[in-house]
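Colleague:
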Amino acid sequence: MSATAGQAADGVRSLADRFGIEPGMVVMEMGYDDDVDQDLRDALTDRCGELVDEDTDEVVDAVLLWYRDGDGDLFEMLVETLSPLADNGVVWLLTPKAGRDGHVEPSEVSEAAPTAGLQQTSTVNAGKDWSGARLVLRRGAKAKK
1 MSATAGQAAD GVRSLADRFG IEPGMVVMEM GYDDDVDQDL RDALTDRCGE
51 LVDEDTDEVV DAVLLWYRDG DGDLFEMLVE TLSPLADNGV VWLLTPKAGR
101 DGHVEPSEVS EAAPTAGLQQ TSTVNAGKDW SGARLVLRRG AKAKK
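If you read the sequence shown in the UniProt record's numbering, its first letter stands for residue 1, the second for the next number, and so on.
1) Indicate the three-state DSSP secondary structure (helix, strand or coil) for V63 in the structure shown.
2) Please classify E76: is it buried, with 16 or more other beta-carbons within 10 angstroms of its beta-carbon, or exposed?
3) Just tell me which of D129, D34, L82, P106 has its CA closest to the CA of A116.
4) Quick one: what does DSSP say T121 is sitting in, helix, strand or coil?
5) Tell me, please, whether the segment 19-30 touches the segment 43-50 by the rule of three or more beta-carbon pairs shorter than 8 angstroms.
6) Looking at the structure shown, is residue 147 part of a helix, part of a strand, or coil, going by DSSP?
Have a look at this one:
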């Protein structure tokens, strides 16, 4: 029995499970800084291998975008995630939780994501200080690139 199956049987899902990351996936990371959740990064790299940076030429299955209030224009950053993203890929927008430095209001995400051609499908607890919003391409959005 695999660790994942065992965790599912116990009702406990790992961070990598919650993010839908599987072995062999190519995961790009943007917005890395010394405040990111290292446990989350470790869980994801244990599952899929090294994270690629935003200069990659590869098509990616998922993007981790660490974004804090003051990091720049969220819309523009979300648009940047689309170019390398596979048609069925997912963007995980990671923002500091309420009360933490750099917290991003949910309304900012709900405004920027659709404008960038993305729709939010769920949220996860991404660690002690971070929340994750799962964003996927809206139907027909990829054609606009």
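For glycine and all other residues, C-beta sits at the position ideal for the given N, C-alpha and C.
Modeller: Taking the definition as stated:
1) Of the three classes helix, strand and coil, the one that applies to V63 here is strand, per DSSP.
2) It counts as exposed.
3) Closest by alpha carbon: L82.
4) Here DSSP, grouped into helix, strand and coil, assigns T121 to strand.
5) Using a C-beta cut-off of 8 angstroms, the segment 19-30 makes contact with the segment 43-50, since at least three inter-stretch Cβ pairs fall below that distance.
6) Absent from the model: residue 147. The displayed extent of the chain is 1 to 145, so no value can be given.
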